[in-house]
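Residue numbers (UniProt numbering): 1 to 230.
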């Protein structure tokens, strides 16, 4: 856990940093540290602890404790089989992915995303173009006319699966009978549910992660895309 990183990310004050450091320093006993003990040992009130809980995006104190413990243990148990596990997770999707992709070899494919996902969608568009596919990376509403449903494949990218404008377009495309492949970390998202095939990339947590120092979604997506298309 990088306390300095969290301080900048969540605008923590000195006391809030001290409370987090205390929990991290006592990680082995963290589940037995109640809110009153945390407050007492740091010469503050339970209301100040609750302020930290809310600032980090948790519903309650127990949620925060559980999450800190879980992410710490997950980090400790990480091993050299990360890539192997990554490929094992998406292996069941490879056949269906390539089956759908082959249907559109001589048709049109639109790869779309918003924000950082747009950068990745452009990369994937170029990669598929080099493999002989006709690609674009901007999805216009005009393209979603029902008469285009058999000639246009949509590939949508969103880590959360909640990007409102993207979800609206994909849901409309789904209602018109378009085939949709999505890449998202949130398998229960509206984006995933509106897709013909949704390929999971890692996992998604609705909490503001207090241990994540960098986002691996896009790196994992590139590795998985290369695996699926080779």
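The C-beta atom is built at its ideal place from N, Cα and C for all residues, glycine as well.
Taken in chain order, the unbroken stretches of beta strand (DSSP E) that lie wholly in the UniProt domain "SIS" (100-230) and span 3 residues or more are 108-113, 134-136, 152-157, 179-184 and 197-200. DSSP, reduced to helix, strand and coil, places residue 16 within a helical segment of the structure shown.
Approximately 20 Å separates the beta-carbon atoms of residue 100 and residue 222; this is outside 8 Å, ruling out the contact. For residue 111, the closest alpha carbon among the candidates 96, 182 and 27 is that of 182. For residue 46, the uninterrupted alpha helix (DSSP H) segment begins and ends at 46-55. With fewer than 16 other CB atoms across the displayed protein chains lying within 10 angstroms of its CB, residue 36 is exposed.
Measuring C-alpha to C-alpha distances from residue 14 to each of 26, 27, 28 and 44 identifies 44 as the nearest. With distances taken between CA atoms, residue 166 lies nearest to 114 out of 122, 114, 186 and 192. Your pair residue 153 and residue 95 does not check out as a contact, with CB atoms roughly 16 Å apart and the cut at 8 Å. The DSSP-derived three-state label of residue 33 is coil. Excluding sequence positions up to five before and after residue 139, its CB lies within less than 7 Å of the CB of 110, 112, 154 and 169, all in the same chain and listed in chain order. Two segments are said to touch when three or more pairs of C-beta atoms, one from each, lie closer than 8 Å; by this definition the stretch 49-67 touches the stretch 20-37.
Looking at the backbone, the Cα of residue 126 and that of residue 225 are separated by about 12 Å. Secondary structure of residue 97 (DSSP, three-state): helix. Note on geometry: alpha-carbon atoms of residue 193 and residue 9 lie some 31 Å from one another. Short of 8 Å from the beta carbon of residue 65, and not among the five residues preceding or following it, lie these beta carbons of its own chain, in chain order: 23, 30, 31 and 33. One thing to note: residue 157 has its Cβ within 8 Å of the Cβ of residue 121. Residue 195 sits buried, since 16 or more C-beta atoms from the chains shown fall within 10 Å of its C-beta.
Taking C-beta atoms as the reference points, residue 144 and residue 178 count as a pair closer than 8 Å. Annotated three-state conformation of residue 59 is coil, per DSSP.
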